[in-house]
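Using the working numbering, count along the sequence shown one by one with no gaps and you end on 1323. Every residue gets a Cβ at the ideal spot worked out from N, C-alpha and C, and that includes glycine. Since this is a predicted model, take the numbers as computed values, not measurements. A short worksheet on the structure shown next.
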Amino acid sequence: MFEKILFPTDFSEFAQKMLGCIIKIPGVKEVVLLHIIDGTQYSIHGWTHEPERVNANLLMEEKKAYLKERGLKAKTSVDTITGGTIDQRILEIAGQEKVSLIIIGAHQKTSYDFLLHHMNTHVLVVQPDASECPDGKTPGETCTDIFSKVMIPVDFTEKSRELLKIVRGMDGIGELVLQHVVTQGDTKKEIEQSITYAQEELAKIQKDLEQAGFRVMVHIRVGSSVEKIVSLAIDEDVSLILMCAHKKNWIEEFLQGSTPFSVLKVSKKPVMVLRIG
C-alpha cells in the first residue's frame, strides 16, 4: 500500500531516527528523500546558498546509501526555493513523484500547514519521542515496527467502516487495538445503552478481523474523544494511531478541528491519517 514514500528531511538526529522507522514500513520499495533550502531568506554567506546545497547533497548520499544497504530504492532531491513556501514545494514534489505516503516530523514547522493544504495522499506524522532507540543502537535496527500495534478509533460511521476495509488489506500489522468513545448521553441510562450498542458492534468487527487473521483487542471509554484516544494510546503503548479523513472534506475537517486533526496536535504517538473517498 505504501510502496513509494516521500520523506522531507532536515538532517536532524530525529530525522535519522525516522529514516530507521521508514525501512520497517511493510511493502515500502522506494523512498524519495527531499531537502528544501529556503532561498527566500539571507544565508550566512549572503545571498548564496551554494555551501549549504553542497553539504546537503553529501548528507543525501549518506542517507541514500543507508536505504540501499537495506534493499530499498532511493531518490534524492535538494531544492532551493526563491519564492512560495516549503509546504508548496513539498506538495509539488509529492505530485510529481506520485508517492503513496508522506512522512513528516511533528517538530517540523510545516506539519499542520502541510496537512491543511494536502488532499492527495496519505500522511504519517511522527513525534520526536516515538522513534527513540536504546542508547548506542542504530536507528531502525532495534526500534519498534510502526505497525506492530495499531490503534484505530471506531465510531461506526461509514467513514470508519471504509477505514476498516483498508486495514483488512494491509500487510504487516501485528496487533489491532479498536477503541470506541461514548461522547453523548444526558443520563446514566443513555450512556449505558450507548455502551451496550458499542459492545455489540465492536464484537462483530472483532470477529470479522480475527477471521481475517488479525489479533484484536477492543476498548470502550466514556468522555472526550480526543482525550480518551490519546490516553489509551499511551496506556496500551501502541506503535501507531490510524485514522482517516475524507478527501473532499479534508480542509473543512481541519478548520473545524475534527478528531483526526485534533489528535495530531496532542498525540505523543505517531499518527497516520489516511485519505479516503
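If you ignore the 5 residues before and after V1276, its C-beta comes within less than 7 angstroms of the C-beta of V1309, V1312, S1313, all in its own chain and listed in chain order. Rounded to whole angstroms, Q1257 and I1251 show a C-alpha spacing of 10 angstroms. Scanning T1229, K1144, V1317 for the CA closest to the CA of I1051 turns up K1144. Taking each of E1096, V1077, K1075, V1074 in turn and checking the Cα distance to I1083, the smallest one comes out for E1096.
Cβ-Cβ distances below 8 angstroms link E1221 to S1194, K1195, V1196, F1260, R1261, V1262, M1263 in the same chain, with the five nearest sequence neighbours on each side left out; the list follows chain order. Distances from the alpha-carbon of E1247 to those of S1270, V1078, T1203 put T1203 closest. Straight-line spacing of the CA atoms in D1056 and G1231 works out to 47 angstroms. S1123 carries a strand assignment under DSSP once its states are collapsed to helix, strand and coil. Residue pairing by DSSP puts C1290 in a beta bridge opposite L1320. Distance from the CA of K1234 to the CA of Q1225, rounded to the nearest whole angstrom, comes to 20 angstroms. Per the DSSP secondary-structure output, H1265 pairs in a beta bridge with Q1225. In the same chain as S1146, and ignoring 5 residues on each side of it, the C-beta atoms closer than 8 angstroms to its own belong to M1047, F1048, E1049, K1050, I1051, T1167, H1168, in chain order. A Cβ-Cβ distance of about 7 angstroms is found for the pair G1129 and T1086, placing them in contact under the 8 angstroms criterion. DSSP places M1197 within a strand segment (E or B) once states are collapsed to three. Rounded to whole angstroms, the gap between the alpha carbons of T1122 and K1274 is 40 angstroms.
If you ignore the 5 residues before and after I1149, its C-beta comes within less than 7 angstroms of the C-beta of I1051, F1053, M1064, I1068, L1170, V1172, all in its own chain and listed in chain order. Take the alpha-carbon of M1289 and the one of K1109: they are about 30 angstroms apart. By the C-beta density criterion, R1207 is exposed, having fewer than 16 other C-beta atoms within 10 angstroms. Taking every protein chain shown into account, the CB of D1283 has fewer than 16 other CB atoms within 10 angstroms, so this residue is exposed. Close CB contacts of I1136 within its chain, under the 6 angstroms cut and outside five residues either way in sequence, are with P1054 (chain order). Inside the segment 1060 to 1089, DSSP marks whole beta strand (DSSP E) runs of 3 or more residues at positions 1076 to 1084, from first to last along the chain. For Y1112, the CB contacts under 7 angstroms within the same chain, skipping 5 residues up- and downstream, are L1065 in chain order.
Between the alpha carbons of I1241 and R1267 lies a gap of roughly 9 angstroms. At the C-beta level, L1286 and M1318 come within 8 angstroms of one another.
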